[in-house]
Amino acid sequence: MDTIRMYRLELTGYSFLDPVLLSTFVERWHGETSSFHMPSGKMTVTLDDVRYLLHLPIKGHLLDHKGIPTKTEGVDLMIKHMGSTRDEAEQEVKTTKGAHARFVYLKEIVEKHTPVVNKAEVDGDKDTFKRYKGYITRAYLLLLVGTTIFSNKTKNNVDLTYLKYFIDLDQAWIYDYFVDTEGSLDTQYEQQYPRATKYDSTKGQSSHMAMRKMMDRLLPHDITWTPYKDHRDICTFEDITLYSGWIRCGLIKVRYLPEWVLWQFGYVQTIPRHPDSAANILDTVDCIDEH
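This note's numbering puts the last residue of the sequence shown at 460; the count rises by one with no breaks.
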């Protein structure tokens, strides 16, 4: 979407995932440092990776979700954040029987507002341009993320909802850093596309044992520590990616500690602080927001 500067974001995501590859990496995950423990050192998915793999902005406020809204709240949110009319929003929640929007409706929102944005840009109407660009961006992101949500039943029959979109990000990250993980180059890839569109996912046929042995034998030269050298003119480096502390979404918080993986930024790795020094487990929501 050129209008909202998310060019070719819709091409990211794989038609199928490699469960062996992903689960073998998950086995090496340590929550205390939010990193994978590899033979050559710790590694993680950084904000720099998110920036380059998806071309998504990484600046702004932390997300603060209050819970699933009612139908009435859903109508108000659609009007405020997506530019829906009240009649449209009420009809949508009536159709979906909840505070939800169908994919076809989100697509209609994008198509309806795009001419308004283009005209406002030509006319120099900055207020209208900014407002309707926001409507399109929110609807477009909901469309992208929503279309890749799937559910899975655990052994305890608990229904878990995963965002496959971000599992795809993990797989793209693995392909970019580890040359022997079977990701094949997409012949249609161009430099201005999000980096996650560079690879085609191949069907994972490896066993867990074979994948574990491969990872145990990894040497430093088997890893591409700075894979974005040829992409810096498309996405410039953002200093905020070196922030250390908590990242929060509602009440859920995770440690983000790039100081443990400085080699991924092209720096010499030093002895990092204890995780609690950068992100203390006792930090409250207010402390995290202030930081």
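Quick reminder that beta carbons are idealized off the backbone N, C-alpha and C, glycines included.
Gln384 and Thr193: beta carbons closer than 8 Å? The question names Gln, but residue 384 in the sequence shown is Met. In this structure, Met384 places its C-beta atom within 8 Å of the C-beta atom of Thr193.
In whole angstroms, what separates the C-alpha of Leu354 from that of Asn449? Approximately 41 Å between the Cα atoms of the pair.
May I ask you to report which of helix, strand or coil DSSP gives Cys404? Coil at Cys404, not helix or strand.
Gln361 burial status per 10 Å Cβ neighbour count (16 or more: buried): By the neighbour-count rule (16 or more Cβ atoms within 10 Å), Gln361 is not buried but exposed.
Quick one, are the C-beta atoms of Pro396 and Arg424 less than 8 Å apart? Using a Cβ distance threshold of 8 Å, Pro396 and Arg424 do not count as a contacting pair.
What is the rounded straight-line gap between the Cα of Tyr334 and the Cα of Lys240? With a pLDDT of only 48 at Tyr334, under the threshold of 50, the placement of this residue in the model should not be trusted; the figure read from the coordinates follows. Taken atom to atom, the span from the alpha-carbon of Tyr334 to that of Lys240 is near 26 Å.
If contacts are defined as beta-carbon pairs under 8 Å, then Val244 and Val262 qualify, I think. What distance do you get, rounded to the angstrom? In this structure, Val244 and Val262 form a Cβ contact; the two beta carbons are roughly 6 Å apart against a cut-off of 8 Å.
Please classify Lys288 as buried or exposed, where buried requires at least 16 other C-beta atoms within 10 Å of its C-beta. Answer is exposed; the Cβ neighbour count stays below 16.
Measuring CA to CA, which of Asp458, Gly210, Phe406 and Phe205 is closest to Leu388? The shortest Cα separation from Leu388 among Asp458, Gly210, Phe406 and Phe205 belongs to Gly210.
To the nearest angstrom, how far is it from the Cα of Ile392 to the Cα of Ser253? Roughly 48 Å between the two C-alpha positions.
Is the distance from the Cβ of Gln340 to the Cβ of Leu225 below 8 Å? Remark: C-beta atoms of Gln340 and Leu225 do not approach each other more closely than 8 Å.
Quick one: Cα of Val195 to Cα of Leu338, how far? So the alpha carbons of these two residues sit roughly 14 Å apart.
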